[in-house]
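So the sequence lines, in the order shown, correspond to chains A and S. Quick note on our numbering: the first sequence kicks off at 153 and runs consecutively. Quick note on our numbering: the second sequence kicks off at 342 and runs consecutively. No residue lacks a Cβ here, since even glycine has one placed at the ideal position from N, Cα and C. Everything numeric in this text was worked out from a predicted model, so none of it was measured.
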Amino acid sequence: MKRLLLTTSLVTGLALALVGCKTFDIVTKVTTSVGVATGKISSSEARSINRTASAAGKAFEQITPEQEYYIGRSVAASLLGQYKAADLKAANQYLNLLGQTLATQSDKPETFGGYHFAIMDSDEINAFAAPGGLILISRGLLRCCQSEDAVAAVLAHEIGHVQAEHGLRAIKKSRLTSAFTILAAEGAKNLGGEQLAQLTTAFEGTITDITGTLINSGYSRTLESEADAAAITIMQRTGYNPRALEAMLEQMHTRMPADDKGFGKTHPDPQDRIKDIALLLEGEGAIEEQAARQKRFEKAMKGV
Amino acid sequence: MKQIAIMMTLLLAMVASATAKPVSMSLQVRKGDLRSSPSFLGTIVGSAAYGDRFTVAEERGAWRRVTAAEGALTGWLHSSALTKKKIKLKAGEADADVAASSGELALAGKGFNAEVEEKFKEQNEDANFAAVDLIEAIRITTRQMQKFLKAGHVISKGGAE
């Protein structure tokens with residue numbers, strides 16, 4: 153009897169979970185029926201669109217790593233249209249040595265095009281993680297870091313956003329629905345001019361959704377906490393003291409102007425973030441300065 | 342009651358067949374380095390390309406010891422580089438239908454791709470793709486990572502590796 157109850161509750165749960173997609177299904181089916189009736193699409197295309205549209209109900213999970221890579225490239229290119237890349241060869245090399253090493257210790261060390269880091273030529277305290285692993289850090293934020301461990305904290309936090317796919321979550325469902333629908337209609341053929349234009353429109357919308365979130369609205373405190381927690385794990389696994397995240401946030405709090413246009417606008421107050429990570433740092437010893445590490449950090453950061 | 346018994350038998354049979362069958366996976370990243378040990382600091386024994394198929398021989402944490410479906414290449418890959426989906430580099434009509442309906446198939450080069458990026462570039466002249474290309478060109482080798490960790494006395498306490 154108990155088993156029967158269990159089966160019944162499972163079935164009910166499943167049914168409830170499916171209800172959410174249902175409305176969406178109906179709308180698409182009506183649209184495709186009209187399409188078939190008017191001869192605009194073939195019935196096999198309609199079938200495929202209907203199926204794809206149900207799949208698109210799951211939105212961003214349907215994005216392949218390859219598509220995520222192209223989204224990330226355009227997000228980064230748009231950001232670098234607004235923030236110039238800093239021409240600091242040694243510092244950029246150091247950032248990539250550190251960042252790519254940290255990324256191997258994340259839960260998602262492999263992305264389609266790999267993790268890459270660069271410095272933005274801006275005094276603003278800011279950092280952006282484009283989907284797929286293109287990570288941009290401002291000069292202003294690097295100046296808040298007083299040790300390699302603190303830079304590691306900043307980079308690991310951004311890697312945390314990439315591994316949890318926070319950028320992709322900022323995409324409005326409607327963009328992906330239209331993209332997946334065009335793809336299903338297209339099938340395996342090459343895109344026609346009109347379809348390519350439609351797909352590009354969906355793509356542009358996707359990029360705007362993400363850059364808008366990164367530059368203007370920011371992520372929720374929950375997602376920032378998630379990235380901070382990921383940063384602590386990555387630092388522990390690699391061998392950096394995660395207390396450096398706390399130290400960096402304190403520096404940020406001191407240095408950030410009240411009307412800051414970067415992190416101040418898009419991130420929770422550094423002091424709130426310090427509170428949120430307190431429990432995770434319990435049991436971590438104090439930061440001990442490592443002479444060789446400090447020396448290379450200071451050398452690399454010259455000019456930043 | 343009889344129905345439940347049948348369902349349970351079916352379920353058990355499914356579980357049994359799932360465990361007995363070797364798991365096939367595809368490389369879902371552009372290039373994958375197979376390593377001699379389950380660690381990013383392990384020696385690279387060979388490289389695989391996007392869409393290559395593998396059979397999983399062993400699991401250790403997030404690492405999989407895999408053998409290439411074609412050829413004799415064997416080594417360790419991190420699971421984040423792998424997907425259970427089949428990746429078709431050149432898709433036919435039928436593939437598109439399967440990809441759309443089951444989600445078991447991914448069509449390489451479809452959707453947001455280089456062609457769409459080109460079009461986006463034309464329409465967004467301010468976007469700086471040249472800078473992105475330069476950033477992507479910086480690659481750090483396993484040897485450089487090993488040296489970097491050693492010189493900075495950064496000592497890993499285990500973990501994901």
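Strand pairing of residue i, partner residues [DSSP]
i: glycine 387/S; result: Leu375/S
i: histidine 309/A; result: Paired residues: none, contrary to the question.
i: valine 407/S; result: Val397/S and Gly416/S
i: serine 365/S; result: Thr396/S
i: phenylalanine 269/A; result: Ile287/A
Beta-carbon proximity of residue i to residue j, cut-off 8 Å
i: glycine 224/A; j: glycine 266/A; result: no
i: isoleucine 386/A; j: glutamine 298/A; result: no
i: glycine 416/S; j: arginine 371/S; result: no
i: threonine 253/A; j: phenylalanine 453/S; result: no
i: alanine 379/A; j: alanine 316/A; result: yes
i: lysine 429/S; j: alanine 409/S; result: no
i: leucine 414/S; j: methionine 486/S; result: no
i: glutamate 218/A; j: histidine 419/S; result: no
i: leucine 432/A; j: alanine 381/A; result: yes
i: alanine 229/A; j: isoleucine 311/A; result: no
i: alanine 396/A; j: aspartate 273/A; result: no
i: serine 505/S; j: glycine 373/S; result: In the structure displayed, chain S extends from 342 to 502; residue 505/S sits before or after that span and is not available.
i: leucine 423/S; j: alanine 390/S; result: no
Span separating the alpha-carbon of residue i from that of residue j
i: alanine 447/S; j: threonine 333/A; result: 15 Å
i: valine 314/A; j: isoleucine 347/S; result: 45 Å
i: histidine 402/A; j: isoleucine 426/A; result: Note on identity: in this sequence residue 402/A is glutamate, with histidine being the wrong assignment. So the two alpha carbons sit approximately 8 Å from each other.
i: lysine 462/S; j: histidine 494/S; result: 44 Å
i: lysine 451/A; j: glutamine 442/A; result: 14 Å
i: lysine 260/A; j: serine 421/S; result: 6 Å
i: alanine 242/A; j: leucine 288/A; result: 16 Å
i: threonine 374/A; j: histidine 318/A; result: 11 Å
i: lysine 325/A; j: threonine 360/A; result: 13 Å
i: glutamate 276/A; j: arginine 407/A; result: 11 Å
i: proline 379/S; j: arginine 405/S; result: 8 Å
i: glutamate 220/A; j: alanine 399/A; result: 33 Å
i: glutamate 456/S; j: glutamine 245/A; result: 31 Å
i: leucine 348/A; j: leucine 335/A; result: 10 Å
i: leucine 231/A; j: arginine 448/A; result: 29 Å
i: valine 364/S; j: glutamate 445/S; result: 14 Å
i: alanine 492/S; j: glutamine 446/A; result: 11 Å
i: valine 188/A; j: alanine 337/A; result: Because valine 188/A sits at a pLDDT of 48, beneath the cut-off of 50, its placement in the model cannot be relied upon, and the point is left open.
i: glutamate 459/S; j: glutamate 440/A; result: 49 Å
i: alanine 331/A; j: glutamate 434/A; result: 46 Å
i: threonine 482/S; j: glycine 392/S; result: 23 Å
i: alanine 308/A; j: isoleucine 384/A; result: 8 Å
i: isoleucine 429/A; j: serine 377/A; result: 8 Å
i: methionine 453/A; j: cysteine 296/A; result: 11 Å
i: lysine 427/S; j: valine 439/S; result: 11 Å
i: alanine 437/S; j: glutamate 213/A; result: 18 Å
i: arginine 484/S; j: glutamine 388/A; result: 21 Å
i: phenylalanine 395/S; j: glutamine 234/A; result: 43 Å
Residue i - DSSP class collapsed to helix/strand/coil
i: lysine 427/S; result: strand
i: alanine 443/A; result: helix
i: leucine 446/S; result: strand
i: serine 274/A; result: coil
i: alanine 255/A; result: helix
i: phenylalanine 280/A; result: strand
i: alanine 471/S; result: helix
i: alanine 237/A; result: strand
i: serine 230/A; result: helix
i: proline 409/A; result: coil
i: glutamate 218/A; result: helix
i: glutamate 466/S; result: coil
i: glycine 416/A; result: helix
i: threonine 263/A; result: coil
i: lysine 365/A; result: In the sequence as presented, lysine is not what sits at residue 365/A; that position holds threonine. Residue state, collapsed to three classes: helix.
i: tyrosine 392/A; result: coil
i: threonine 482/S; result: coil
i: alanine 316/A; result: coil
i: lysine 324/A; result: coil
i: asparagine 454/S; result: coil
i: leucine 348/A; result: helix
i: glutamate 436/A; result: coil
i: threonine 372/A; result: It is worth fixing the name first, because residue 372/A is serine in this sequence and not threonine. Note: serine 372/A maps to coil in three-state DSSP.
CB-CB length for residue i against residue j, believed under 8 Å
i: valine 386/S; j: alanine 398/S; result: Actually they are not in contact, since the Cβ atoms of valine 386/S and alanine 398/S sit about 14 Å apart, beyond 8 Å.
i: glycine 455/A; j: leucine 240/A; result: 6 Å
i: histidine 405/A; j: proline 394/A; result: Not a contact, Cβ separation roughly 18 Å.
i: isoleucine 323/A; j: threonine 358/A; result: 5 Å
i: alanine 279/A; j: leucine 293/A; result: 5 Å
i: glycine 364/A; j: lysine 417/A; result: Actually they do not touch by this definition, with Cβ atoms about 13 Å apart.
i: alanine 238/A; j: arginine 291/A; result: 6 Å
i: isoleucine 362/A; j: valine 227/A; result: 5 Å
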